[in-house]
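For the protein sequence lines, the chains are W and X, in the order given. Each residue of the first sequence is one higher than the one before, starting from 1 at the first, in my numbering. Each residue of the second sequence is one higher than the one before, starting from 522 at the first, in my numbering. From the three backbone atoms N, C-alpha and C, an ideal C-beta is built for every residue, glycine too. The structure under discussion appears below in the form of structure tokens.
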Amino acid sequence: MTGSVAQVSELQSCIRDLLSLLALPSLWSGREPREVAALLFDSLRAILPIDFAYVRVGQPGSDEEVELLQLGDRDETLRATELLSSLGAARTGGGTIPDGPLRGGHVFHVPLGWYGGTGELLIGSRHPEFPTPIHVVLIRAASSLLQGGIQTANLNRASVAASRAKDEFLAMLGHELRNPLSPIVSALELLKNRDSQSKEVVIIERQLQRVLNLVDDLLDIARITRGKVELHKTPVELATIIGGAVEMTAVLIAEQRHSFSVDVPSSGLVVDADPMRLTQVVSNLLSNAAKYTPPGGHIRIAAKASNEQIDLAISDTGVGIPKQQLPTIFDLFVQGKTTIHRREGGLGIGLAVVKNLVQMHGGTVEASSEGPGKGSEFRIRLPRSKQSASRPPPPVAGLPGPAAARHRILVVDDNQDAAELLTEVLRLEGHEVEFALDGGQALEKLSSFRPSVAILDIGLPGLDGYELADRVRAQLAPHSVTLIALTGYGQAHDRERSRRAGFAVHLVKPIDLRSLITALP
Amino acid sequence: MRGHFHACAFVRGPEEERSIIEPFFVEGMKRGEKAVYIVDPEHRARHDEALRELAPKDELLDVTTWDEAHLKGGRFDAERMMALLEEVITAHAAMGNPPMRLVGQMGWVFSEPPGIEDLLAYEATVNEVLNRGKTPTVCVYDVTRLRGSMVMDLLRAHPLTIMNGVLHENPFYTPAPQMLSEIQSRREARAS
């Protein structure tokens, strides 16, 4: 009877340990294949008297193998050849281990994959009874988990690589789209100069702005997901942020004839934020509220503070969000069945940008809705700043009037349309302008045309904008020239590189012509 | 739950923790059961604010920190902690209150404070205290930071576990006396 009781107890322990092993896959998430093996070996050491564990598994579609050898809890993979050879025939054929640190012990061998072709798992022990039937059961269960875990890790790795490739593609796409947009913006300015009231011009301007917004969103999400967005945080009043966002969306809200209420204290709600990025967050939400609310609806912004955090809510009386869409509403490229995004156009990026930027500010954002037709509310929580708000920047200057000074300007851009159109715009502003399509042409021009300003595309073929800047300065010396960079890249390190190359101004395509004209000396 | 009141929750991050703990506390508070949440001191204010919005009455919520509970005095003292729990649970019941619901974040274990070697013994033995007081309790571990052997030991010591948001019962969990005996054997084996 005692034997039976002992056996029952042993079986119960085996079942308990088996159930525990079955819980291990929850640890696999985000792990590399070798880490999965190490975790499993560590778990086995908690339930079995093992002294040695070894796995070698091929990777599908690759010549690489996952290999890990542990002696006790020490990684001895580098000694694998030596240690495995010490196992002798015991490695696969039973019997005691003849040599090495496990001399006198036993090995349990499990082939992995079809006909052992994929790899093997070896578990060794100096315990006199190893392996018992219970040990065998647990090791076999562990080998199944190990194979599944390594496969999961490989799939994760492939998924991460695909995601990275997607992000790189988005970034490249955004930059490539920016290039042709630059001359379109210039052409539109020229058209407006000729006939600003034309219906076609109005339509082109509106649609062009939509395209620009889409491209900006694409570039934003590509930068955010690659961790390339830098926040320039400063203590700022929430009211200032909201004021900026309302200004950006006022036209859209007015066009839709929505009523609008703001319940935000004018001071006392300070957050440590990048003003431009947080304004972008709020304007994205306001823009969505305006677009997804039938004309004549109502939008409300309200904010309150507690000791530690600030609560901002943007609500509307719009089309609402179906309950099943709420959990994924902030996911990238989510297109609900009710086509909440598709109906109004868009790529399903805006809310993903909102969530990422809010999280980068240490906050959270949630969406709620009673359902279709019942409006929505987006609630942002941000940590409250312990500092007072910095002085707000001076108001942005109004549109520039005619140029105060007349300049001789050289435009260099390998996109002929962009070069010609920009030249024409600047001539209309009263400047004397020549253009060139590459560095060589630009340097030739300098022999007969001495500019006081040179606007250089950085991404020129052959001689790039940085090198051309050096040559232009050298050729024009001792006369000075103001250098303006045109580029699709606007990160802090890009601007710093321009500054070091001697550029006084760094403009990101598609350039805002008003900014360019304002930047002229 | 067959008379068990102590569960171990393995979570992957604060969002998953919140999805498990919030409904657990809210259900209890709606029944007049006090919610006691032992958290990372760095995030105490955030947890307090989030739950206070959901509390029907302020006095039903108590958010404290592991510095004031598990690590009081700068070390983990298993006996002191169990005595504290017993005292709090008993005092609470003596006032005629329904049993409280306890949740303890266990992130402090990764700093390996003095006394950490008694954690497993504590997890095994505290079952008795919580069962006697019929106090539903959840210990929350970040599974992404755990070693495999620790997961196995925690699973063995808990009759109830929450994994991927699902509650599992382990009918063959290791009772405290057997767990303590195993721990002692391991220590002796390491010493030799």
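Neighbour-count burial assignment, residue i, 16 or more Cβ in a 10 Å radius
| i | result |
| --- | --- |
| W/Ala289 | buried |
| W/His341 | With a pLDDT of only 44 at W/His341, under the threshold of 50, the placement of this residue in the model should not be trusted; the figure read from the coordinates follows. When all chains shown are included, W/His341 counts as buried. |
| W/Glu432 | exposed |
| W/Gln325 | buried |
| X/His527 | buried |
| W/Val396 | Legend: pLDDT at W/Val396 = 37, less than 50; position of this residue unreliable, value from coordinates given subsequently. Exposed. |
| X/Gly594 | exposed |
| W/Lys291 | buried |
| W/Asp470 | exposed |
| W/His493 | exposed |
| W/Ser163 | exposed |
| W/Met276 | exposed |
| W/Leu155 | exposed |
| W/Thr81 | exposed |
| W/Asn522 | Lying outside 1 to 521, the shown extent of chain W, residue 522 of chain W is not represented and no answer is given. |
| X/Leu688 | exposed |
Contact under 8 Å by Cβ, residue i with residue j
| i | j | result |
| --- | --- | --- |
| W/Leu460 | W/Gly439 | yes |
| W/Val36 | W/Ala153 | yes |
| W/His232 | W/Asp167 | no |
| W/Ile580 | W/Ile139 | No statement about residue 580 of chain W is possible, as the shown extent of chain W runs from 1 to 521 and does not include it. |
| W/Ala302 | W/Asp263 | yes |
| W/Gly465 | W/Gly375 | no |
| W/Val55 | W/Ile221 | no |
| W/Val270 | W/Ser388 | yes |
| W/Arg16 | X/Tyr694 | yes |
| W/Gly93 | W/Ser125 | no |
| W/Leu212 | W/Pro510 | yes |
| X/Gly669 | W/Ser498 | no |
| X/Ala566 | X/Val661 | no |
| W/Ala504 | W/Ile517 | no |
| W/Ile242 | W/Val281 | no |
| W/Val66 | W/Pro33 | yes |
| W/Thr423 | W/Ile458 | no |
| W/Gln309 | X/Glu570 | yes |
Per-residue contacts from residue i into chain W (C-beta, under 8 Å)
| i | result |
| --- | --- |
| X/Tyr694 | Arg16 |
| X/Asn648 | Ordered by position in chain W, no residue passes the 8 Å Cβ test against X/Asn648, which lies about 15 Å from the chain. |
Contact set between residue i and chain W, taken where Cβ atoms lie within less than 9 Å
| i | result |
| --- | --- |
| X/Phe531 | Ala23, Ser26 and Leu27 |
First through last residue of the beta strand (DSSP E) which encompasses residue i
| i | result |
| --- | --- |
| X/Glu690 | Val687 to Glu690 |
| W/Asp68 | Checking the sequence shown, residue 68 of chain W turns out to be Leu, not Asp. Segment Glu65 to Leu71, the beta strand (DSSP E) holding W/Leu68. |
| W/Glu432 | Glu432 to Ala436 |
| W/Glu120 | Gly119 to Ser125 |
| W/Ile409 | Arg408 to Val412 |
| X/Thr656 | Here X/Thr656 belongs to no beta strand (DSSP E), and DSSP marks it neither H nor E. |
| W/Val508 | Val505 to Val508 |
| X/His568 | Unbroken run through X/His568 is the alpha helix (DSSP H), Arg565 to Arg573; no beta strand (DSSP E). |
| W/Glu377 | Ser376 to Pro383 |
Under 7 Å by beta carbon: chain W residues contacting residue i
| i | result |
| --- | --- |
| X/Arg570 | The question names Arg, but residue 570 of chain X is Glu in the sequence shown. Residues of chain W passing the Cβ test: Ser306, Glu308 and Gln309. |
| X/Arg677 | Arg16 and Ser20 |
| X/Val664 | Ser26 and Leu27 |
Neighbour list for residue i in chain X, Cβ cutoff strictly below 7 Å
| i | result |
| --- | --- |
| W/Ser522 | Within the shown structure, residues of chain W are numbered from 1 to 521, placing residue 522 of chain W beyond reach of any answer. |
| W/Ile47 | Met673 |
| W/Leu39 | Gly669 |
Endpoints, the alpha helix (DSSP H) within which residue i is located
| i | result |
| --- | --- |
| W/Ala555 | One cannot answer for residue 555 of chain W here, as it falls past the ends of chain W, which runs 1 to 521. |
| W/Lys291 | Pro275 to Lys291 |
| W/Ala442 | Gly439 to Lys445 |
| W/Asp167 | Pro133 to Asp195 |
| W/Gln416 | Gln416 to Leu428 |
| W/Gly465 | Gly465 to Leu476 |
| W/Ser85 | Ala80 to Ser86 |
| X/Pro535 | Pro535 to Lys551 |
| W/Ile517 | Leu513 to Ala519 |
| W/Thr92 | Ala90 to Gly93 |
| W/Arg500 | Ala492 to Arg500 |
| X/His613 | Ala599 to Ala615 |
Proximal chain X residues relative to residue i, where beta-carbon distance stays under 9 Å
| i | result |
| --- | --- |
| W/Ile380 | Ordered by position in chain X, no residue passes the 9 Å Cβ test against W/Ile380, which lies about 14 Å from the chain. |
Under 8 Å by beta carbon: chain X residues contacting residue i
| i | result |
| --- | --- |
| W/Gly30 | Thr665 |
message: Would you call the stretch 20 to 37 of chain W in contact with the stretch 664 to 682 of chain X, where contact means no fewer than 3 C-beta pairs closer than 8 Å?
response: Cβ pair count under 8 Å is three or more, so yes.
task: Answer yes if the stretch 135 to 149 of chain W comes into contact with the stretch 79 to 92 of chain W, meaning at least three C-beta pairs across the two stretches below 8 Å, and no otherwise.
output: As far as the Cβ criterion goes, the stretch 79 to 92 of chain W does not touch the stretch 135 to 149 of chain W, which means the pair count is below three.
query: For the 8 Å Cβ check, are there 3 or more pairs between the stretch 59 to 74 of chain W and the stretch 694 to 704 of chain X?
result: When Cβ pairs closer than 8 Å are counted between the two stretches, the stretch 59 to 74 of chain W is seen not to touch the stretch 694 to 704 of chain X, the count staying below three.
- prompt: Are the stretch 435 to 451 of chain W and the stretch 190 to 200 of chain W in contact at 8 Å, needing three or more beta carbon pairs?
  reply: Touching, no.
- request: Could you tell me whether the stretch 246 to 266 of chain W touches the stretch 171 to 190 of chain W, using the rule of 3 or more Cβ pairs below 8 Å?
  value: They do not touch, by the three-pair rule.
- prompt: Is it a yes or a no for the stretch 440 to 455 of chain W touching the stretch 403 to 413 of chain W, going by three-plus beta-carbon pairs under 8 Å?
  reply: Between the stretch 440 to 455 of chain W and the stretch 403 to 413 of chain W there are three or more C-beta pairs closer than 8 Å, enough to call the two in contact.
- request: Tell me, please, whether the stretch 542 to 549 of chain X touches the stretch 613 to 628 of chain X by the rule of three or more beta-carbon pairs shorter than 8 Å.
  value: Contact between the stretch 542 to 549 of chain X and the stretch 613 to 628 of chain X is present, because at least three Cβ pairs lie under 8 Å.
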